[in-house]
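Heads up: the structure comes next, in structure tokens.
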Amino acid sequence: MRKLFNITSVFLLSLFCLAVSAQDNNFYPGKIWNDADGKPINAHGGGILYDKGIYYWFGEIKNGKTIRVEEDKSWENYRVNAGGISCYSSKDLVHWKNEGVALAPSTDSTSELYFGKVIERPKVIYNAKTKQYVMWMHIDSKNYGYARAGVAVSKAPAGPYTYLGAVRPNDAMSRDMTVFKDTDGKAYLVCTSENNLTIHVNLLSDDYLKPTAIFTRILIGQNREAPAIVKHHNKYFLITSLCSGWDPNAARYAVADSMLGNWVVMGNPCTGEDSATTFHSQSAYIIAAAGKDKYIFMADRWQKTDLPDSRYIWLPLEFEGDKMVVKWEDKWHL
Ligand code: GAL
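The opening position of the sequence shown corresponds to residue 97 in this note's numbering, with each subsequent residue numbered one higher.
Structure representation (structure tokens):
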């Protein structure tokens with residue numbers, strides 16, 4: 097009888113734990129974040145697409161051993177092989193299903209997608225005219241000298257994506273980047289250019305596949321990268337980091353009335369302890385939660401000597417008038 101009671105209580109307790117974990121709608125910034133299969137989400141430097149009630153998270157797949165590359169004496173870096181681009185899907189931004197590899201790396205050393213090169217910061221937008229999903233990403237050589245923006249397309253949000261090639265927008269370098277699709281359907285490629293000194297905002301062609309000749313130079317000479325953009329109450333907000341490789345630094349934001357307009361530099365949106373290092377992370381994207389008027393600052397806490405163990409820092413991003421504020425939370429929900 098007692099044994100039966102024990103078995104029943106263990107069973108009930110497991111059911112209770114399962115129910116609690118299934119209901120957990122919290123974000124835990126910096127903690128290991130598992131997908132629906134119980135495997136850590138592998139989607140670094142990522143971006144989010146919202147499509148027909150589903151969020152898609154695209155990111156860099158980082159697997160294997162981290163090595164230190166010493167190309168010459170003035171330059172060093174920690175690297176893993178490019179694993180291609182992953183895609184996860186979710187209805188609530190907390191629970192994610194692995195949708196597989198959206199864009200695979202190549203084993204051909206002459207390809208821009210060669211696994212020994214760099215494929216970073218993928219961002220996907222939907223083109224209503226061509227009915228295609230368009231992925232832009234940072235394409236580079238092992239020593240980051242190639243400095244181009246690559247583009248790929250798919251008929252389905254999760255892919256697989258067909259790679260079209262990489263460009264130097266308006267003949268200028270392009271490294272860390274994001275894409276932003278405005279409410280009028282126009283889209284922009286925003287990239288770190290001029291040897292990481294100045295950000296360029298490039299208007300994309302109507303099919304989103306090419307930068308047009310219309311572009312503007314912003315944050316001139318300010319050494320900013322890791323751009324992330326959101327539109328709030330008809331103003332455009334851009335968060336960037338300083339350039340210090342995988343090491344964190346202080347974020348800064350800028351505000352403009354239009355994407356190609358005058359960007360006014362504001363301060364650090366992060367407040368409180370560790371704000372000087374963006375809570376030990378670097379900006380990747382800003383998520384506008386559908387129908388909620390709520391925003392999420394999405395960042396990477398790079399683990400430079402073990403890059404696959406880099407963690408995700410997702411924090412609430414709030415507006416106080418024209419002021420943007422990001423505060424640390426150990427645990428929070430939308
Ligand atoms: C950072 C950049 C990352 C990655 C890294 C390599 O500055 O934001 O995306 O490229 O450098 O060191």
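Backbone N, C-alpha and C define an ideal beta-carbon position, used for all residues, glycine too. Computed from a prediction, not measured in an experiment: that's the story for all the values here.
Discussion item. For F211, which residues in the same chain have their Cβ closer than 6 Å to its Cβ, ignoring the five residues on either side in sequence?
Written reply: Cβ neighbours of F211 beyond the five flanking positions: N177, A178, P201.
Discussion item. Can you check which of these residues, A350, F375, I316, is closest to D343 by C-alpha distance?
Written reply: Looking at the Cα atoms, F375 is the closest of the given residues.
Practice prompt. Starting from Q318, trace the beta strand (DSSP E) both ways and give me its first and last residue.
Written response: Boundaries cannot be given for Q318, as no beta strand (DSSP E) includes it and DSSP labels it neither H nor E.
Discussion item. According to DSSP, is T373 part of a helix, a strand, or is it coil?
Written reply: Three-state DSSP puts T373 in a helix.
Worksheet item: Cα separation between G368 and Y259?
Response: Approximately 42 Å between the Cα atoms of the pair.
Worksheet item: Can you find at least 3 beta carbon pairs, one from the segment 386–401 and one from the segment 226–243, that sit closer than 8 Å?
Response: Taking 8 Å as the limit for Cβ pairs, the verdict is that the segment 226–243 does not touch the segment 386–401.
Worksheet item: Looking at S185 and I150, is the spacing between their C-beta atoms short of 8 Å?
Response: Contact check for I150 against S185 passes: the beta carbons are separated by less than 8 Å.
Discussion item. Let me make sure I understand the geometry here. Which of L356, A352, D353, I325 has the alpha-carbon closest to that of L413?
Written reply: Out of L356, A352, D353, I325, I325 has the C-alpha closest to the C-alpha of L413.
Practice prompt. Could you pull out every unbroken beta strand (DSSP E) segment of at least 3 residues lying fully inside the segment 316–370, listed in chain order?
Written response: Taken in chain order, the unbroken stretches of beta strand (DSSP E) that lie wholly in the segment 316–370 and span 3 residues or more are 320–328, 331–338, 348–352.
Fill in: Where L305 sits in the DSSP three-state scheme
Reduced to three states, the DSSP call for L305 is coil.
Worksheet item: Since L299 sits in a beta bridge, which residues does DSSP pair it with?
Response: Answer is Y284.
Worksheet item: Are the beta-carbon atoms belonging to S182 and A248 less than 8 Å from one another?
Response: No. Outside cutoff.
Worksheet item: Going straight from the alpha carbon of M362 to that of A350, what length do you get?
Response: Cα-Cα distance, rounded: 5 Å.
Worksheet item: So is K158 buried or exposed if we call it buried at 16+ other beta carbons inside 10 Å?
Response: That one is buried.
Practice prompt. For E172, count neighbouring C-beta atoms within 10 Å of its own C-beta (all shown protein chains included) and say buried if the count is 16 or more, exposed if not.
Written response: Classification of E172: exposed, given that the 10 Å Cβ count is below 16.
Discussion item. Nearest by alpha-carbon distance to L209: which of W359, A245, S270, A309 is it?
Written reply: Checked all of W359, A245, S270, A309; the closest Cα to L209 is A245.
Discussion item. Please state the DSSP three-state secondary structure of P434.
Written reply: Given that the chain is displayed from residue 97 to residue 430, the structure contains no residue 434 and the question cannot be resolved.
Fill in: Alpha-carbon spacing of S205 relative to G126, whole angstroms
In this model, S205 and G126 are separated by some 35 Å (Cα to Cα).
Discussion item. For D353 and T288, I'd like the C-alpha separation in whole angstroms.
Written reply: Going by C-alpha positions, D353 is about 21 Å away from T288.
Fill in: Alpha-carbon spacing of T274 relative to D120, whole angstroms
The straight-line gap from Cα to Cα measures roughly 31 Å.
Item to complete: With a threshold of 7 Å, establish whether the CB of W232 neighbours any heavy atom of the ligand GAL.
Response: No.
Discussion item. Counting only beta-carbon separations shorter than 8 Å, does A254 have a partner in chain D?
Written reply: In the displayed structure, chain D is absent; only one protein chain is listed.
Worksheet entry | Identity of the residues DSSP links to L219 by a beta bridge | Residue identity check: residue 219 is Lys in the sequence provided, not Leu. Among the bridge pairs identified by DSSP, K219 is matched with W232.
Worksheet item: Grouping DSSP H, G and I as helix and E and B as strand, with all else coil, what is I266?
Response: The question names Ile, but residue 266 in the sequence shown is Asn. N266 falls in the helix class under three-state DSSP.
Discussion item. Shorter than 7 Å, the distance from the beta carbon of I378 to the closest heavy atom of the ligand GAL, or not?
Written reply: Residue 378 is actually Gln in this sequence, not Ile. At least one heavy atom of the ligand GAL lies closer than 7 Å to the C-beta of Q378.
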